[in-house]
Each structure stands twice: as structure tokens, then as C-alpha cells.
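Below: the structure, in C-alpha cells.
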Amino acid sequence: MVNLSLYTVRAMVILDGDGNRLVAKYYSRGPHMQSYKTVKEQKKFESELFSKTRKSSGEVILYDGHTVLFKYVNDAHFYLVGDPEENELLLSAVLNGVVEAISLLLKHSVDKRNLLDNLDMVVLALDEAVDDGIALETDPNVIASNVSKRGVDTTDVLLSSLNEQVLFDVYKQAKEHFNFSMLK
């Protein structure tokens, strides 16, 4: 019998065209503890994974005891690492959702520079899709919407509504003074 678990994702990694890490999130909860505990082990895994998939035309490989799905967008390489017995369709839906959400957030200009310039939105998109190894969302529109909601600073909203109220009060007082002076 297969051990069913909500913990489906072991890692999400984004590398540049040279195999250098842009973003990496490794998850350690669930039935299997994290395989790559140190940054050195993670970077070694990432460089080996990049060299293995660099010229590959597929989207799924079994590598180092993990199911790895990958997708290339311009000079960014997106990887999702799962357990070997994990459902590839589920992992593919998560990866495609994240890539499409990031594409929406970056206005369809996904490249190394934009990913680094908007790293906060990229990390939030990863967090919206996967929380501690549990796939939460696969719909790119929902992921992008949740990330863009977080991007609005509540103090800015309060200040702008306060400024509008002050302007409205000034306008109202000026209108009353004008009407009063016209009546005299």
C-alpha cells in the first residue's frame, strides 16, 4: 500500500542559463526528511541537475531518487523536485501554475534580470503555490492575484484615503465660502 501524504514537493529551484541559483526552496517535512540539508549539498544537486537537463527535450526525469519536472522560459530554468512515487500530473500542474503566475506577475517578461528585480513577488508566488512541501494552488490567476494583493501596502491605502478625505473637506469648505460670499 502506498503511503499517502500531503507533502508532495521536496524542492522548487529556479536557475539561470548558466546553472546558477536564482531562487531555491527546499522543504523538509513529511514522511521523508530533506535529502539536501546543507547549502553545499543543495548547490551540488542543482549543478548536477542543470548539467543533466541542460540539453534535454523532455519535461520529467528521475534523478538521484527524485522525480524532477523542469521547464525553461528564456534564460530561466524552473525545477520542481518530488518523491519518486509522486504523481507527475500533480507536480506538473504545480510547476506550470507557478511558471504561469510568475509570467503574469512579470508581465510575460520572464528572464534572469526581471526575476531578480522582482524577487519578492517570485518568492511570494512560490509560497502561494507550495507551503512547506504541500501543494496548495495550481491556478496561475489565483496565485498571481494573491501575490498582487499582498503587494499593496496598507499604510499607503490609509494615507491615500486620508489624503482624499482632506482634499474633499478642503473642497467642501471652499465651496461653502464661495456660496456664502455669493449670497452677500
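If you want our numbering, it's the 1-based position in the sequence shown plus 3. From the three backbone atoms N, C-alpha and C, an ideal C-beta is built for every residue, glycine too.
Check your understanding: For G100, which beta-bridge partners are listed by DSSP?
Key -> Bridge partners of G100: none, in fact.
Check your understanding: Where does N117 land, buried or exposed, given buried means 16+ other C-beta within 10 angstroms?
Key -> Burial call: buried.
**Study point:** C-alpha gap between V84 and N149, whole angstroms
**Key:** The C-alpha of N149 is placed about 24 Å away from the C-alpha of V84.
Check your understanding: Hey, is L18 close to the ligand MG, as in C-beta under 7 Å from one of its heavy atoms?
Key -> The ligand MG is not part of this structure, which contains no ligands at all.
Point to revise | Which of helix, strand or coil DSSP assigns to L93 | key: DSSP places L93 in helix when its eight states are reduced to three.
Exercise for review: Pick helix, strand or coil for G20, following the three-state DSSP scheme.
Suggested key: Here G20 carries a coil assignment [DSSP, helix/strand/coil].
Check your understanding: With a CB to CB cut of under 8 Å and the five nearest residues on each side skipped, what residues in its chain are close to V12?
Key -> Hits under 8 Å: Y30, L83, V84, G85, L94, V97, V133, G136, I137, A138.
Review point. When the distance is taken between beta carbons, is K110 closer than 8 Å to G20?
Key: Annotated as distal: G20 and K110, with beta-carbon spacing of 8 Å or more.
Practice item. Return yes when the Cβ of K43 is within less than 8 Å of the Cβ of R24, no when it is not. Key: Not in contact: R24 and K43 (Cβ atoms no closer than 8 Å).
**Study point:** DSSP bridge partner residues for M15 (one or two, in chain order)
**Key:** M15 is bridged to K28, L83.
**Study point:** Neighbourhood of Y75 by C-beta distance below 8 Å, restricted to the same chain and skipping five residues each side
**Key:** Residues of the same chain with a CB within less than 8 Å of the CB of Y75, apart from the 5 flanking positions on each side, are F81 in chain order.
**Study point:** Boundaries (first-last residue) of the alpha helix (DSSP H) holding L127
**Key:** Counting along the chain, L127 sits inside the alpha helix (DSSP H) bounded by residues 122 to 132.
Practice item. Check whether the Cβ of D21 lies closer than 8 Å to any Cβ atom in chain C. Key: Going by chain labels, chain C is absent from the structure shown, which holds only one protein chain.
Point to revise | One or two residues paired with I146 in a DSSP bridge | key: Per DSSP, I146 has no beta-bridge partner at all.
Practice item. Identify which residue in E103, L122, V71 has its Cα closest to the Cα of E51. Key: Taking the Cα of E51 as reference, the smallest distance to any Cα among E103, L122, V71 is reached at V71.
Practice item. Determine the DSSP secondary structure at V76, reduced to helix, strand or coil. Key: The answer is strand: DSSP assigns V76 an E or B state.
Exercise for review: State the start and end residues of the unbroken alpha helix (DSSP H) segment that holds L9.
Suggested key: Neither: L9 is in no alpha helix (DSSP H) and is coded neither H nor E.
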